[in-house]
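Student: Residues in the sequence shown are numbered consecutively from 1, following UniProt numbering.
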Amino acid sequence: MLRQRVGVVLGWMVLAVAAGCTDSAPPTSEPTATTSESPTPTPTPSPTPTPAPASPPTVDPQHSVPTPPAWSGRVLPPDLLVYATGPLDADTVAAIAAVKGVTDVESLSMAQVTVENQGLNVVGVDPATYRRYAPVDSATLDEQWNRVANGELALVPSLGEKLMNSEGYLQLGAAATAPLLHVGALAPQIPQVDAVINEKWAAELDMPVGNALLVATDETSPQSVRPTIARLAGSAASVQILTVDLDTSVRQTAVLVGSVGDAVGTFNYTVLTGGRIAPEPAWVRTHISTESVPLLGRVTCNTLIFPQLRAALEEIVRSGLSDAIHPDEYQGCYYPRFIAGTTQLSNHSFGLALDLNTPGNQRGTVGEMDRGVVAIFKQWGFAWGGDWSYTDPMHFEMNALVAPG
Numbered sequence: 001m002l003r004q005r006v007g008v009v010l011g012w013m014v015l016a017v018a019a020g021c022t023d024s025a026p027p028t029s030e031p032t033a034t035t036s037e038s039p040t041p042t043p044t045p046s047p048t049p050t051p052a053p054a055s056p057p058t059v060d061p062q063h064s065v066p067t068p069p070a071w072s073g074r075v076l077p078p079d080l081l082v083y084a085t086g087p088l089d090a091d092t093v094a095a096i097a098a099v100k101g102v103t104d105v106e107s108l109s110m111a112q113v114t115v116e117n118q119g120l121n122v123v124g125v126d127p128a129t130y131r132r133y134a135p136v137d138s139a140t141l142d143e144q145w146n147r148v149a150n151g152e153l154a155l156v157p158s159l160g161e162k163l164m165n166s167e168g169y170l171q172l173g174a175a176a177t178a179p180l181l182h183v184g185a186l187a188p189q190i191p192q193v194d195a196v197i198n199e200k201w202a203a204e205l206d207m208p209v210g211n212a213l214l215v216a217t218d219e220t221s222p223q224s225v226r227p228t229i230a231r232l233a234g235s236a237a238s239v240q241i242l243t244v245d246l247d248t249s250v251r252q253t254a255v256l257v258g259s260v261g262d263a264v265g266t267f268n269y270t271v272l273t274g275g276r277i278a279p280e281p282a283w284v285r286t287h288i289s290t291e292s293v294p295l296l297g298r299v300t301c302n303t304l305i306f307p308q309l310r311a312a313l314e315e316i317v318r319s320g321l322s323d324a325i326h327p328d329e330y331q332g333c334y335y336p337r338f339i340a341g342t343t344q345l346s347n348h349s350f351g352l353a354l355d356l357n358t359p360g361n362q363r364g365t366v367g368e369m370d371r372g373v374v375a376i377f378k379q380w381g382f383a384w385g386g387d388w389s390y391t392d393p394m395h396f397e398m399n400a401l402v403a404p405g
């Protein structure tokens, strides 16, 4: 897969928040994209979206869809999200749309993509119709949806500054071959959605087609129709109420794509207290194990990671760098929980990341990690958090399958 570079850069300051192995805030910078602020709950007026640029965005012919018409009509409430591991067939969608109290439905593709140890909820949409469900300042921002149609990406403002590179691009995935998309807009999205792309990009990312459905109920309470919709959607689907930050009363599902998807597949979990989650026991039995590795001793990780983790640590020993790894400062590989202060999953939830030499390698610093150690881990298919925009030099995560021998 080629790295794709599309789009035109516009400038406006936004404020971002941090998420990662700790919850410190990164330094501010000036990412470049069309930007919209969401309405505030205070009596002050809602911010005004930035005007459209003088020149149109650059079109990426391979990943563009028809430009949506200018905004008209009304915004719809995203009351419920039906999220399945595979496509929702046309009969199921029609049956849900016919439920008494349901006023509108919108099909979309939904999956998680790991970016700098964060699981981002990405949706592939028809921008002309999906926009009706976005917050009002976002829905009416024509420039945002034109850019999504032309092959760019819309991202929630809280992640823009932290994850975009200096040229305003975001790599959708941990693998070196993951596609690079230009962030065309920083604007609020519906709950549980971090990034929006069009359907052609969704197909290139191998996202399940039409595995999610937004449901509007307008004056009918979503709680009253959820049991019927859940029955129609089937046991493999999760039906979440989006009027709360995270509906902890139902099973959550993450459909992973990219290199992490190969090791994780479909990840179902329930939300516990204190930011913890409980993956399905069947997934834990088939994906998580405890083994002995050089330098660190017995560690619990994703079973798939062990051959290349063991190979990397053996090479560190052969290279005379054993003293550069401090076993008493190892902080784990598999710990199922959200990133601090968020509802985003990290690669630690899947057992695909490990934190080493933690005291001297805090977030936002260059860290003290031996660069020879870093080079060996990279050779064996691990990405290093010290390379990120907001650095995390203690952190190594699998970004490619590398078979020893």
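Cβ coordinates follow ideal geometry from the N, Cα and C atoms, glycine included.
#1: I need the DSSP call for G124, collapsed to helix, strand or coil.
#2: When the Cα of I96 is compared with those of A311, G360, T228, V123, which residue comes out closest?
#3: Compute the Euclidean distance between the alpha carbons of G86 and G372, then round it to the nearest angstrom.
#4: Got a sec, what are the start and stop residues for the alpha helix (DSSP H) N146 sits in?
#5: According to the Cβ coordinates, are A212 and S109 closer than 8 angstroms?
#6: Given that a residue counts as buried once 16 or more other Cβ atoms are within 10 Å of its Cβ, and exposed if not, what is residue 424?
#7: Measure from the alpha carbon of M394 to the alpha carbon of each residue in V402, W380, A353, then state which is nearest.
#8: Which same chain residues, not among the five before or five after G275, have their C-beta less than 6 angstroms away from its C-beta?
#9: Out of E329, E368, A375, point me to the one whose CA is closest to S319's CA.
#10: Quick one: what does DSSP say N117 is sitting in, helix, strand or coil?
#11: May I have the straight-line CA-CA distance separating I277 from F350, to the nearest angstrom?
#12: Output yes or no for whether 8 angstroms exceeds the beta carbon distance between V239 and A233.
#13: Relative to the C-alpha of L186, which residue among L295, T343, V196 is closest?
#14: Are three or more beta carbon pairs between the segment 383-392 and the segment 116-123 nearer than 8 angstroms?
#15: Which residues bound the alpha helix (DSSP H) around W283?
#16: On the premise that V75 lies in contact with A139, defined as a C-beta separation below 8 angstroms, what is that separation, rounded to the nearest angstrom?
#17: What number of angstroms, rounded off, separates the C-alpha of A111 from the C-alpha of E143?
#18: Beta-carbon within less than 6 angstroms of Q192's beta-carbon, same chain only, minus the 5 sequence neighbours each way: which residues are those?
#19: Does DSSP put Y390 in a helix, a strand or coil?
#20: Can you have a look at K162 and say buried or exposed, based on whether 16 or more other CB atoms are within 10 angstroms of its CB?
#21: Name the two residues that bound the continuous beta strand (DSSP E) containing I197.
#22: Which residues in the same chain have their Cβ closer than 6 angstroms to the Cβ of T103, if we skip the five residues on either side of it in sequence?
#23: Beta-carbon within less than 8 angstroms of V317's beta-carbon, same chain only, minus the 5 sequence neighbours each way: which residues are those?
#24: What are the boundary residues of the alpha helix (DSSP H) that A98 is part of?
#25: If you scan the segment 290-329 from start to end, which runs of the alpha helix (DSSP H) of 4 or more residues do you find wholly inside it?
#26: Buried or exposed: where does Q62 fall if 16 or more other Cβ atoms within 10 Å of its Cβ makes it buried?
Tutor: This is what the structure holds:
#1: As a working note, residue 124 is residue 124 in the sequence shown. The answer is strand: DSSP assigns G124 an E or B state.
#2: For the purposes of this step, residue 96 is taken as the residue at position 96 of the sequence shown. Ranking A311, G360, T228, V123 by Cα distance to I96 puts T228 first.
#3: Position 86 of the sequence shown holds residue 86. Position 372 of the sequence shown holds residue 372. Rounded to whole angstroms, G86 to G372 spans 43 angstroms at the Cα level.
#4: Locating residue 146 in the sequence shown gives position 146, counting from the first residue. Per DSSP, N146 belongs to the alpha helix (DSSP H) from 142-149.
#5: Position 212 of the sequence shown, counted from the first residue, corresponds to residue 212. Position 109 of the sequence shown, counted from the first residue, corresponds to residue 109. Cβ atoms of A212 and S109: closer than 8 angstroms.
#6: Since the first and last residues shown for the chain are 1 and 405, residue 424 lies out of range.
#7: Start at 1 with the first residue of the sequence shown, and residue 394 comes out as number 394. Closest option to M394, Cα to Cα, is A353.
#8: As a position in the sequence shown, residue 275 is number 275, starting the count at 1. Excluding positions up to five away in sequence, the list reads R337, F338.
#9: Taking the sequence shown and counting its residues from 1, the one referred to as residue 319 is at position 319. Nearest neighbour of S319 by Cα position, chosen from E329, E368, A375, turns out to be A375.
#10: On the sequence shown, position 117 is the one that residue 117 refers to. DSSP places N117 in coil when its eight states are reduced to three.
#11: Here residue 277 is taken as the residue at index 277 of the sequence shown, counted from 1. Here residue 350 is taken as the residue at index 350 of the sequence shown, counted from 1. Spanning the two alpha carbons is a distance of roughly 11 angstroms.
#12: Here residue 239 is taken as the residue at index 239 of the sequence shown, counted from 1. Here residue 233 is taken as the residue at index 233 of the sequence shown, counted from 1. Closer than 8 angstroms, so yes.
#13: One-based indexing of the sequence shown puts residue 186 at position 186. Here the closest residue by C-alpha is V196.
#14: yes
#15: As a working note, residue 283 is residue 283 in the sequence shown. First-last of the alpha helix (DSSP H) with W283: 281-287.
#16: For the purposes of this step, residue 139 is taken as residue 139 along the sequence shown, with counting starting at 1. For the purposes of this step, residue 75 is taken as residue 75 along the sequence shown, with counting starting at 1. About 5 angstroms; that satisfies the 8 angstroms criterion.
#17: As a first step, residue 111 must be located in the sequence shown, where it is residue number 111. As a first step, residue 143 must be located in the sequence shown, where it is residue number 143. Answer to the nearest angstrom: the Cα atoms are 25 angstroms apart.
#18: Your numbering for residue 192 matches position 192 in the sequence shown. Excluding residues within five positions, the ones whose Cβ falls inside 6 angstroms are N121.
#19: The sequence position of residue 390 within the sequence shown is 390, counting from 1. In the structure shown, Y390 sits in coil (DSSP, three-state: anything other than H, G, I, E or B).
#20: Reading the sequence shown from its first residue, position 162 is the one you call residue 162. So K162 ends up on the buried side.
#21: Taking the sequence shown and counting its residues from 1, one reaches residue 197 at position 197. That run of the beta strand (DSSP E) goes 195-198.
#22: Start at 1 with the first residue of the sequence shown, and residue 103 comes out as number 103. So the qualifying residues of the chain are A216, D218.
#23: Residue mapping note: residue 317 aligns to position 317 of the sequence shown, counting from 1. Excluding sequence neighbours, V317 sits near P294, L295.
#24: In the sequence shown, counting from the first residue as 1, residue 98 sits at position 98. For A98, there is no enclosing alpha helix (DSSP H), as DSSP marks it with neither H nor E.
#25: 306-318
#26: Here residue 62 refers to the residue found at position 62 when the sequence shown is read from its first residue. Q62 is classed as exposed because its beta carbon has fewer than 16 other beta carbons within 10 Å across all chains shown.
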